[in-house]
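What follows is a set of notes on a single structure, which appears directly below.
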Amino acid sequence: MTVSFSIIKEDARTGARAGVLHTLRGDVETPVFMPVGTQATVKTMTPREVWDLGGRLILSNTYHLYLRPGANLIREAGGLHRFMGWTGPILTDSGGFQVFSLASLRRIEEEGVWFRSHIDGSEHFFSPEKAMAVQEALGSDIAMAFDQCAPYPCTYEEAREAMERTSRWALRCKEARRREDQALFGIVQGGVHRDLREKSAKDLVELDFPGYGIGGLSVGEPKDIMYQVLDYTVPLLPREKPRYLMGVGSPDCLLEGVARGVDMFDCVLPTRIARNGTVFTREGKLVVRNAEYARDFRPLDPECNCYTCRHFTRAYIRHLIKANEVLGIRLTTVHNLHFVFELMRNIRRAILEGNFLEYKVAFLAHWNKN
Ligand SMILES: CNc1nc2c(CCNC[C@]34C[C@H]5C[C@H](C[C@H](C5)C3)C4)c3nc(N)[nH]c(=O)c3cc2[nH]1
Ligand SMILES: [Zn+2]
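Using the working numbering, you'd call the opening residue of the sequence shown number 883 and step up by one each time.
Structure representation (structure tokens):
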């Protein structure tokens, strides 16, 4: 068995659950936030720093690594874990989302997708079989099925077509599997249409995957629409299997997703906004590069005990960022990753202690204050 999931505690008043994802490279406590390592690195962080901050399961990407440095090179390096020096479990997204969002799309056919690389414009073809071959070359512990994520907004027909193709492609991914040491998760599509989500979940549950991605969300729809879709989609999935809400999210979305029974999340936000000088604090976001912090000698977040907040001030970090000193975005990244990992630790503890609802209400009261 490559990946299995144990539920430790289910919350009495919400859909939240605390669990453990068992992988061949170690156990991961859930709910879990996966930092994103787009090009085989969590930007500006060493693997040791990600681990020490609490990162246990990181996310990398088929599309990017296929284009550069190439799947065969990483296979020759002994796989992605050895290539990037990460000994914990890795989840790779299939490239379905990126091909539709990053590359300049050429043509979608039943067979697969022709696209032009966002790097040099060269032409490529991706299919369920190709996406599985690349993920097997990378050697990730969890591979995501090659899917078609419908844009938002889109017509009912577009959402139906993308969902039905995703179901057919999920079967092809399952049939293309060659590695016994890699788990394959299916991805539920269906846009914001309940009947399409029900059909997608039915198709995928019949294929009996060890875990399920919830795709097609966080694509520009209002948050309350995303929460409504989760309200009726999560219950369609097997209770004993992990649910992964793809591309989510900010602290409020993490709390709302956990409350609806989501176990796994990934988002570029914490690391991406850190690189442009914005950090998470208990009271919401703080843009430390702004002039108002030039003589502010307090830590980024007075309530935070991360390395950055224990040793440096807003004034110093602002100076580094304005001076384009690399240390600046390293310090904001350390803080943001610590903030999100600490949030997930607090969420899990609150579920285990039975006061998750109170924790969620209290956190959001501060977070939405300004
Ligand atoms: C943001 N909203 C959102 N994301 C989504 C993703 C990508 C998840 N993150 C992986 C990713 C995506 C990019 C950026 C980084 C690195 C790498 C390329 C892998 C994270 C999705 N991925 C797939 N396969 N299918 C979806 O429906 C989907 C929907 C999303 N909605
Ligand atoms: Zn901090």
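Yeah, the Cβ is synthetic: ideal placement off N, Cα and C, and Gly gets one too. Keep in mind that this is a model prediction, so the values were computed, not measured.
- Around the beta carbon of Val885, a 10 Å sphere encloses 16 or more other beta carbons of the protein chains shown; the residue is thus reported as buried.
- Inter-residue distance for Asp1077 and Ser1100 is about 19 Å (C-alpha atoms, whole angstroms).
- DSSP lists Asp975 as the bridge partner or partners of Asn943.
- Between Val1070 and Ala1083 a beta carbon distance of about 5 Å is seen, short of the 8 Å cut, so the two are scored as contacting.
- At a threshold of 7 Å, His1217 counts as near ligand 2, since its beta carbon sits closer than that to one of the ligand's heavy atoms.
- Three or more Cβ pairs closer than 8 Å define a contact, and the segment 907-919 meets that threshold against the segment 933-944.
- Going by DSSP, Tyr1114 is part of the alpha helix (DSSP H) stretching over Lys1105 to Thr1115.
- Per DSSP, the beta-bridge partners of Lys891 are Ala900.
- With a threshold of 7 Å, the Cβ atom of Phe1147 does not count as near ligand 1, since no heavy atom of the ligand is closer than that.
- Secondary structure of Ala1025 (DSSP, three-state): strand.
- Straight across, the Cα-Cα distance linking Val1144 with Met1045 is about 21 Å.
- Look at the segment 1026-1093 and you find these whole runs of beta strand (DSSP E), each 3 residues long or longer: 1065-1070.
- Counting the other Cβ atoms within 10 Å of the Cβ of Tyr1114 gives fewer than 16, which makes it exposed.
- In this model, Ser1022 and Leu962 are separated by some 7 Å (Cα to Cα).
- In this structure, Thr926 sits near Ile1211, with a CB-CB distance shorter than 8 Å.
- With a 10 Å radius around the Cβ and a threshold of 16 neighbouring Cβ atoms, Asn1250 comes out exposed.
- Residue environment analysis places Leu987 among the exposed positions, since fewer than 16 neighbouring C-beta atoms fall within 10 angstroms of its C-beta.
- Checking the 7 Å criterion, the Cβ of His1075 is out of range of every heavy atom belonging to ligand 1.
- Apart from the 5 residues on each side of it in sequence, Val1016 sits with its Cβ closer than 6 Å to the Cβ of Thr944, Tyr948 and Ala953 in its chain, given in chain order.
- With a contact defined as Cβ atoms closer than 8 Å, Val1150 and Ile1203 miss out at about 19 Å.
- In this structure, Leu941 has its beta carbon less than 7 Å from a heavy atom of ligand 1.
- In the three-state reduction of the DSSP assignment, Gly919 falls in the coil class, being assigned neither a helical nor a strand state.
- With contact defined as three or more Cβ pairs closer than 8 Å, the segment 891-903 and the segment 1227-1234 are in contact.
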